[in-house]
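Heads up: the structure comes next, in structure tokens.
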Amino acid sequence: RSPKTNAHVERFIQTVEKELWMIEGTEPTVDEMNRKLFRYLSFYNFVRPHQGLGYKTPVEKFEEYIKKLQGVHHVLNENKK
23 RSPKTNAHVE RFIQTVEKEL WMIEGTEPTV DEMNRKLFRY LSFYNFVRPH
73 QGLGYKTPVE KFEEYIKKLQ GVHHVLNENK K
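The numbering of the sequence shown is the working numbering, which starts it at 23 and goes up by one.
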């Protein structure tokens, strides 16, 4: 655990509360909360652009990361020959 990681988690919780729970105005059941949270997480990760990620979604940013790793892996394998 680090203060930086904790700050990211706190910000995520704040975002979920603001964008999901606070707009409801009612107290949903646990099952309703789970369904809504699952849908929201799909939206949050696959659809919603994030300012801190250059207005890309987390999935887009992760795909970029994987492509970079594949390039590094290719270079490392070439150097072993």
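Cβ atoms here follow ideal geometry from the backbone N, Cα and C, with glycine treated the same way.
Tell me which residue opens and which closes the alpha helix (DSSP H) that GLU142 is part of. As displayed, the chain neither begins before 23 nor continues past 103, which places residue 142 out of reach and without an answer.
Could you check whether the Cβ of TYR62 sits closer than 8 Å to any Cβ belonging to chain D? Protein chain content of the structure displayed is limited to a single chain, and chain D is not contained in it.
Can you name, in chain order, every residue of its own chain whose Cβ lies under 7 Å from the Cβ of SER64, other than the five neighbours on each side? none
With LYS83 and LEU91 assumed to form a contact (beta carbons below 8 Å), what rounded beta-carbon distance in angstroms separates them? Not really, about 13 Å apart at Cβ, beyond 8 Å.
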